[in-house]
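Okay, structure first, notes after.
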Amino acid sequence: MTDETQTQPYNPALRESATFGRDVIHEIQRAAETGIYDIRGWGAKRKVPHFDDLLFLGASMSRYPLEGYREKCETEVVLGTRHAKKPVVISTPVTIAGMSFGALSAQAKEALGRGASEIGTSTTTGDGGMTPEERGQSSRLVYQYLPSRYGMNPDDLRKADAIEVVLGQGAKPGGGGMLLGQKISERVAGMRTLPQGIDQRSACRHPDWTGPDDLAIKIAELREITDWQVPIYVKIGATRTYYDVKLAVKAGADVIVLDGMQGGTAATQDVFIEHVGIPTMAAIPQATQALQEMGLHREVQLIVSGGIRNGADVAKAIALGADAVAIGTAALIALGDNHPRYADEYQKLGSAAGFYDDFQDGKCPAGISTQDPELSQRLDPIAAGKRLANYLRVLTLEAQTLARACGKSHLHHLEPEDLVALNVEAAAMARVPLAGTNWVPGQGGY
Amino acid sequence: MMKTHDLAVDGLRELNQALHDADTLKDAREWRVVNSDGAHNIACGINDAISVDIDGHAGYYCAGMNQKASVTIHGNTGVGVAENMMSGCVRVKGDASQSAGATAHGGLLIIEGNASARCGISMKGVDIVVKGNIGAMSAFMGQAGRMVVCGDAGEGLGDSLYEARLYVKGTVASLGADCIAKDMRAEHLEELAELLASAGIDEDPASFTRYGSARQLYHFKVDNASAY
Chain A
-16 MTDETQTQPY NPALRESATF GRDVIHEIQR AAETGIYDIR GWGAKRKVPH FDDLLFLGAS
44 MSRYPLEGYR EKCETEVVLG TRHAKKPVVI STPVTIAGMS FGALSAQAKE ALGRGASEIG
104 TSTTTGDGGM TPEERGQSSR LVYQYLPSRY GMNPDDLRKA DAIEVVLGQG AKPGGGGMLL
164 GQKISERVAG MRTLPQGIDQ RSACRHPDWT GPDDLAIKIA ELREITDWQV PIYVKIGATR
224 TYYDVKLAVK AGADVIVLDG MQGGTAATQD VFIEHVGIPT MAAIPQATQA LQEMGLHREV
284 QLIVSGGIRN GADVAKAIAL GADAVAIGTA ALIALGDNHP RYADEYQKLG SAAGFYDDFQ
344 DGKCPAGIST QDPELSQRLD PIAAGKRLAN YLRVLTLEAQ TLARACGKSH LHHLEPEDLV
404 ALNVEAAAMA RVPLAGTNWV PGQGGY
Chain B
6 MMKTHDLAVD GLRELNQALH DADTLKDARE WRVVNSDGAH NIACGINDAI SVDIDGHAGY
66 YCAGMNQKAS VTIHGNTGVG VAENMMSGCV RVKGDASQSA GATAHGGLLI IEGNASARCG
126 ISMKGVDIVV KGNIGAMSAF MGQAGRMVVC GDAGEGLGDS LYEARLYVKG TVASLGADCI
186 AKDMRAEHLE ELAELLASAG IDEDPASFTR YGSARQLYHF KVDNASAY
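Residue numbers (the numbering used here), protein chains in the order written: chain A, -16 to 429; chain B, 6 to 233.
In structure tokens:
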């Protein structure tokens, strides 16, 4: 990905259009040549208000900080305390988001389980069912109950530590999936009861219920089947978050999983990824408000995903009301996705390390978003799991560091009062004051 | 030993727990449920080869995710009867609401009355036999398994069908995307005769038409955009 203008002498006559930039021109040319929209993986690439637009107010005079490395800042989170006999206890408020075997290789799924288990957190299945490797390597495994119901069976339901009813995904709220035929190996096809090599659509809606009243009965059915042992999560894509959260909680959810627009996907239309949904940061206050109004904040736990990258993102999400976060894209990068060691191969695919998003092609040089046996073998699940565990440790340590600076002895003690915003947009969305002022847009004057 | 469970007295949770409990089932292989009163989630998640008779109407998801059991509903049933069934047999003596047998992977679902819309939606290996009619968009995205309809089918039958096979005796209001009528060869007549016999229904297989996927939508093609 070379930028031609970088190698040319300065020429003031070369004035790029703000409307028709080179990326826009490229997309028009590509569409004109192929007659089909761009399908890709990963999440939104456009810049939207994000956690970077928030800052913590570390303690000085009016607040009292905790001593770094000496005074305890707890991180354990219990999920599903509302109804389940066996809530899920995780040692850090960072979990692994649902990603399917099919979209990812078996090695990648195993590595996710290994990494999460090493530090005592959970991982999640995806569209395509539960693999024995994944169950075997995951000390805490959340089983997704998806519209496609690929591979769904009561035996696996009972093996799960929690069940996540998926209603939407941040990258494509309202949309289903399309796993292209080149990734449908014999094993993937068998798990999904479909012929090998054909495109596999994942439905955008559940086949046997049509609204929140039905969802309440569906959740009750899942509880009956599993004898009320495990928590029921409900995952929504961030759009009409306030109402969706209220309805999901009313339907009986133990845990809400809220996926913002920066959340990743295996393959969907670029126009969908970039133009549907709301930013993660903007969605959290809406969800928190809904839970608070119902008197269930921290009793119905909130897991937030969509573009979480570092401990600051973790801490800020929690300060805005989340109980935990889930990582997907970042976890894949920790495993080895887009690593420069495969720079030459990314280039051969017309991409570059750090830019590769053609997960749908199944040619991932890192052996992660592929079903090609030779490519998959490149990923050592043990070594990749170690890298993920290291990354999860760093996220936790970073979040603790920030929380201590705010004088908090548990990450959950972080609150909106600990935050300010760098710009008006972020202040309005996160519902925290603009830095240096008491002004929260939309909430009155000074 | 036959055991009677009065839902009005002993509750749904107690029933389902008993039907899941291996110790309880050692002595009670036949169950009769009375005062069902349209309750939801009756007899769901059974994992044993027992028989359950429900004396009356059932609500949503009756016998959901059944494995091995034989469940008979002596009345009508609500949305999603036998949803995601894996094996065993579920028989509805009356009518079934929408999404009967949704996503079911195996077993046999018999509906002696009519079934509403989306019967067999996303079916993944189940056999469904309906003595009466079925509603619109039935077998939508049906992946595998067989559906037999002795009456008529509503609009959009077999829309976006994969490998499920459909046999309809009566009229079909319209076919969904990529669903076509196919020849009834000898193996299909034989298969249909076996399905009818297993459901205890006396019909002539030769009077049915077979429907299946044209397999034109198995790979995304932009020229098919209007069909998606």
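Where is the CB? At the ideal position from N, CA and C, for every residue including glycine.
As the structure is a prediction and not an experimental result, all values here were calculated from the model.
Enumerate in chain order the residues of its own chain whose CB-to-CB distance from residue 186/B is below 8 Å, with the five nearest sequence positions on each side excluded. 180, 214, 215 and 216
message = Does the segment 360 to 377 of chain A come into contact with the segment 171 to 188 of chain A, if we say contact requires no fewer than three beta-carbon pairs (one atom in each stretch) closer than 8 Å?
response = no
For the segment 151 to 176 of chain A, which residues have a CB atom closer than 7 Å to at least one CB atom of chain B, in sequence order?
From the segment 151 to 176 of chain A, only 161, 164 and 176 have a Cβ closer than 7 Å to chain B.
Please tell me whether residue 149/B has its Cβ less than 8 Å away from any Cβ of chain A. yes
| task | Closer than 7 Å by beta-carbon distance: list the chain A residues that pair up with residue 88/B, in chain order. | result | Chain A residues near residue 88/B: 191.
- Task: With distances taken Cα to Cα, identify the nearest neighbour of residue 24/A among 425/A, 315/A and 408/A.
- Result: 315/A
### Cross-chain neighbours of residue 127/B in chain A, by beta carbon under 8 Å
131, 132, 186 and 190
Residue-level contact to chain A via CB, residue 107/B, 8 Å cutoff: yes
Practice item. Note down, one range per segment and in chain order, each beta strand (DSSP E) of at least 3 residues found wholly within the segment 227 to 253 of chain A. Key: Here the runs fully enclosed are 238 to 242.
TODO: In angstroms with no decimal places, state the Cα-to-Cα distance between residue 204/A and residue 425/A.
DONE: Those two C-alpha atoms are separated by around 42 Å.
**Report entry** Beta-carbon proximity list for residue 322/A, same chain, < 7 Å, skipping 5 on both sides
**Finding:** These residues qualify, in order along the chain: 336 and 349.
Name, please, each residue of chain A whose Cβ falls closer than 7 Å to the Cβ of residue 167/B. 177
For this session: State the start and end residues of the unbroken alpha helix (DSSP H) segment that holds residue 271/A.
Result: 263 to 276
Can you pull the DSSP bridge partners for residue 237/B? Residue 237/B lies beyond the range of chain B shown here (6 to 233); nothing can be said about it.
| query | Should residue 133/A go down as buried or exposed, given a rule of 16 or more other Cβ atoms within 10 Å for buried? | reply | buried
Distance CB(residue 106/B)-CB(residue 90/B) smaller than 8 Å: yes
**Item:** CB-CB length for residue 304/A against residue 260/A, believed under 8 Å
**Value:** That pair is no contact at about 19 Å.
Pair every Cβ in the segment 167 to 183 of chain A with every Cβ in the segment 257 to 274 of chain A, then say whether three or more of these pairs are closer than 8 Å.
No contact exists between the segment 167 to 183 of chain A and the segment 257 to 274 of chain A.
### Query
Which ranges would you report for the beta strand (DSSP E) in the segment 3 to 67 of chain A if only whole runs of at least 3 residues count?
37 to 39 and 60 to 62
Practice problem: Measure from the alpha carbon of residue 190/B to the alpha carbon of each residue in 77/B, 71/B and 211/B, then state which is nearest. | Solution: 211/B
Chain A residues whose Cβ lies nearer than 7 Å to that of residue 49/B: 204, 207 and 208
> Where residue 416/A and residue 382/A are concerned, what is the direct C-alpha to C-alpha distance, given to the nearest angstrom?
Replying inline: 21 Å
Between residue 13/B and the rest of its own chain, which residues show a CB-CB distance below 6 Å, the 5 nearest in sequence each way excluded?
Around residue 13/B: 40.
**OP:** Given a cut-off of 8 Å, decide if residue 313/A and residue 292/A are closer than it, judged by their beta-carbon atoms.
**Re:** yes
ask   = Should residue 5/B be labelled buried (16 or more other beta-carbon atoms within 10 Å of its own) or exposed?
value = Here chain B covers residues 6 to 233 and nothing more, so residue 5/B does not appear.
| query | Got a sec: is the Cβ-Cβ distance from residue 293/A to anything in chain B below 8 Å? | reply | no
**Study point:** Start and end residues, alpha helix (DSSP H) containing residue 412/A
**Key:** 407 to 413
Please identify, using Cβ separations under 9 Å, the residues of the segment -8 to 20 of chain A that lie next to chain B, in order along the chain. 17, 18, 19 and 20
*Are residue 215/A and residue 206/A closer than 8 Å when you measure CB to CB?*
yes
Cβ of residue 43/B within 7 Å of any heavy atom in the ligand COA? The model on display carries no ligand, and the ligand COA is accordingly not part of it.
Exercise for review: Could you list the residues in the segment 28 to 39 of chain A with a C-beta less than 8 Å from some C-beta on chain B, going in chain order?
Suggested key: none
In three-state terms, what does DSSP make of residue 91/B?
coil
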